[in-house]
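Residue numbers (the working numbering): 1384 to 1481.
C-beta atoms are modelled at their ideal positions from N, C-alpha and C, and glycine is treated no differently.
All figures in this text were calculated on a predicted structure; none of them were measured in a lab.
Worksheet: one structure, shown below.
Here it is as structure tokens:
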């Protein structure tokens, strides 16, 4: 059984995600095998907010070279964009970033 902290791994802090934070949209790196329902429940449990919608996207790992011959890849990962309801409070973790 996965805990909420196994599903939501870390927040993604970028310029675009910080602009969306004003509209109560937050971006997280999540477990690759997690579905939208699990992600919504995990965010609600960790931060004490109400989730309206979850969008997910699977990100391919970048090609990387380690010397001349062996070309490799970074690991694939999953990104979740979480939108909160209008009456929900904001996530305090992101407030100091903007």
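Residue environment: residue 1425 is assigned as buried (16 or more neighbouring CB atoms within 10 Å of its CB, all protein chains considered).
The three-state secondary structure of residue 1452, taken from DSSP, is coil. In the DSSP assignment, residue 1401 falls within the alpha helix (DSSP H) that extends over 1398-1404.
Nearest to residue 1406 by alpha-carbon distance, out of 1466, 1437, 1417, is 1466. Cα atoms of residue 1439 and residue 1419: separation of roughly 7 Å, rounded to the nearest angstrom. Contiguous beta strand (DSSP E) elements confined to the region 1434-1478 occur at 1434-1442, 1446-1448, 1454-1456, 1460-1467, taking only those with 3 or more residues. Rounded to the nearest whole angstrom, the C-alpha separation of residue 1477 and residue 1448 is 35 Å.
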